[in-house]
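Residue numbers (the numbering used here): 13 to 294.
Ideal Cβ placement from N, Cα and C applies to all residues, glycine included.
Computed from a prediction, not measured in an experiment: that's the story for all the values here.
Everything on this sheet refers to the single structure shown next.
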Ligand SMILES: NC(=O)c1ccc[n+]([C@@H]2O[C@H](COP(=O)([O-])OP(=O)(O)OC[C@H]3O[C@@H](n4cnc5c(N)ncnc54)[C@H](O)[C@@H]3O)[C@@H](O)[C@H]2O)c1
């Protein structure tokens with residue numbers, strides 16, 4: 013059976029989640045090459061999952077794959093999309109903050125017909141946001157509610173000397189746009205990024221972050237208004253079974269994107285085979 017060859021850039025938690033997903037065998041895709049700035053991590057992943065794939069440079073990874081998956085860090089997004097464009101590969105970008113910082117990368121890829129897939133991450137409702145954009149959105153607000161320990165250590169709390177370790181009631185710790193939220197609470201950036209890229213952009217998307225001592229889950233609400241009417245969604249996230257720092261839905265959304273990419277690739281292969289048959293009359 014034809015399989016989509018995946019070039020994995022970043023061999024940490026999400027990379028491992030994707031390997032587990034591919035091992036189940038229900039998706040016509042396989043890891044064809046791995047790259048990590050820390051080669052030992054790539055070698056560890058290769059050994060752990062008995063991958064028949066070389067550990068190599070980003071350039072070689074792009075060369076050997078049909079499809080690139082970035083699950084590294086924001087700084088890796090630019091070189092990965094540039095490599096995807098050079099080698100004409102579609103790609104999945106997990107470090108959405110890297111895209112928020114470089115919107116021109118999406119335009120460059122679009123101009124060359126390279127599809128950059130952005131996972132919905134730990135939030136639902138982006139389909140409705142995208143649809144609503146066709147007639148225009150007036151406002152989009154993301155309200156994120158987390159247990160205090162999920163926010164501790166954020167640069168914004170330290171800079172503003174905000175203490176949340178002894179809260180008894182919920183406290184709004186941040187209000188601003190998605191770009192400001194990305195700098196203030198980098199760990200929250202993927203949800204704000206996915207929402208703003210699906211909708212009215214990082215400068216116009218408002219973000220409110222609440223530290224709630226009674227919360228047991230990471231809860232993300234979307235409140236949007238536009239020509240279509242009003243929308244509210246609520247996603248209450250459980251942690252990923254393998255990685256308690258990350259929401260399970262975020263990993264699942266990466267898997268769903270990989271499945272969709274593999275299916276699109278197979279459809280394209282079948283189309284090409286049919287064309288060849290028609291031409292050769294076989
Ligand atoms: N979109 C979402 O919903 C979502 C959800 C979870 C995580 N993420 C993002 O996905 C990325 C990976 O998350 P993770 O939990 O697997 O992180 P992780 O720290 O477990 O793994 C990251 C790996 O990338 C490697 N790396 C770092 N810089 C690199 C570079 N320049 N080039 C190649 N490899 C590099 C590291 O050595 C590490 O092995 C992060 O940016 C994270 O914010 C996105």
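By the criterion of at least three beta-carbon pairs nearer than 8 angstroms, the stretch 129-140 is in contact with the stretch 256-274. Excluding five sequence positions before and after residue 282, none of the CB atoms of its chain fall closer than 6 angstroms to its own CB.
Boundaries of the alpha helix (DSSP H) harbouring residue 58: 51-60, taken from the DSSP string. With distances taken between CA atoms, residue 90 lies nearest to 116 out of 101, 67, 59, 116.
Only residues of its own chain outside the window of five on either side were considered, and among them 22, 107, 110 have a CB closer than 8 angstroms to the CB of residue 85, listed in chain order. Here DSSP, grouped into helix, strand and coil, assigns residue 205 to helix. The three-state secondary structure of residue 215, taken from DSSP, is coil.
By the CB criterion at 7 angstroms, residue 191 and residue 154 fall outside the cutoff.
As DSSP reads the structure, residue 231 sits in a beta bridge with 157, 248.
In the three-state reduction of the DSSP assignment, residue 17 falls in the strand class. In the same chain as residue 246, and ignoring 5 residues on each side of it, the C-beta atoms closer than 8 angstroms to its own belong to 231, 232, 233, in chain order. Comparing alpha carbon positions, the residue from 228, 266, 267, 219 closest to residue 251 is 228.
According to the DSSP assignment, residue 108 belongs to the alpha helix (DSSP H) that extends over 108-113.
Using a Cβ distance threshold of 7 angstroms, residue 197 and residue 166 count as a contacting pair. Put simply, the stretch 171-190 does not touch the stretch 274-281. Fewer than three CB pairs are less than 8 angstroms apart. Ranked by Cα distance from residue 240, the first of 17, 81, 138, 146 is 146.
Secondary structure at residue 47: strand, using DSSP grouped into helix, strand and coil. The alpha carbon of residue 221 has as its nearest neighbour, out of 20, 32, 193, the alpha carbon of 193. Residue 163 and residue 30 have their alpha carbons spaced roughly 26 angstroms apart. Across the structure, residue 255 and residue 123 are spaced so that their CA atoms are roughly 37 angstroms apart. In the three-state reduction of the DSSP assignment, residue 181 falls in the coil class, being assigned neither a helical nor a strand state. A residue is called buried once 16 or more other Cβ atoms fall within 10 Å of its Cβ, and residue 78 is buried on that count. Not a single heavy atom of ligand 1 lies less than 6 angstroms from the C-beta of residue 125.
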